[in-house]
Amino acid sequence: MKPYFKILAGVLGLACIACQPTGAPSEPINSQTYFPIPIGGIELQLQLALKPAEQQKGLMHRESLDKDHGMMFLFDRPDKRGFWMRNTRIPLDIGYFDSNGQLLEVHKLFPFDETSVNSRSHEVLIAVETNQGWYAANDIQVGDRIDMKSLVIALDSLKQRNSSIKP
51 MKPYFKILAG VLGLACIACQ PTGAPSEPIN SQTYFPIPIG GIELQLQLAL
101 KPAEQQKGLM HRESLDKDHG MMFLFDRPDK RGFWMRNTRI PLDIGYFDSN
151 GQLLEVHKLF PFDETSVNSR SHEVLIAVET NQGWYAANDI QVGDRIDMKS
201 LVIALDSLKQ RNSSIKP
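Residue numbers (the numbering used here): 51 to 217.
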């Protein structure tokens, strides 16, 4: 666990920096901004939802989600998490991950269902939404991990992008 603690500390530090205002308004992350982040060795193209407004919107109002694409939600502390599907047209799976990037559980999410799908664990730091069936189709199992180095690279890219914006 100790090597992952250093990676996690870096991830959280970069996430905090990436979310901080830089004096100029940051560019919104649009539906075309994806980062390659493998889970269990299978590469996904993921949007990063770091700010509360991005996390609230999630994948709402989208007509589709390309194959091997999804959205990663990175929180500031481990806790029990719940997601619902208000205004979300796409059937999804959600994977809940701990601070080491280890998959704890996967749940199905159904279009427009406003029932909260809660994690059983109180150790969830990361959630990843994908097209429904992605985890099973790619044989991603509980215990598989997010490639944390790829996540750090993605967060660093966001940090650089935000710091290069001029007023």
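Even glycine gets a Cβ: it sits at the ideal position worked out from N, Cα and C.
Scanning 171, 173, 151, 137 for the CA closest to the CA of residue 159 turns up 137.
Residue burial is scored here from C-beta neighbours: residue 174 has at least 16 other C-beta atoms within 10 angstroms and is therefore classed as buried.
For the set 125, 163, 86, the Cα lying nearest the Cα of residue 135 is the one of 163.
Residue pairing by DSSP places residue 178 opposite 122, 145 in a beta bridge. Residue range 92-99 is occupied by the beta strand (DSSP E) that includes residue 97. Per the coordinates, the alpha-carbon of residue 161 lies some 11 angstroms from the alpha-carbon of residue 111.
Comparing alpha-carbon positions, the option among 193, 106, 157, 165 lying closest to residue 181 turns out to be 157. For residue 173, the three-state secondary structure derived from DSSP is coil.
Distance between residue 178 and residue 109, taken at the CA atoms: about 11 angstroms.
Residue range 85-89 is occupied by the beta strand (DSSP E) that includes residue 88, with no alpha helix (DSSP H) assigned at that position.
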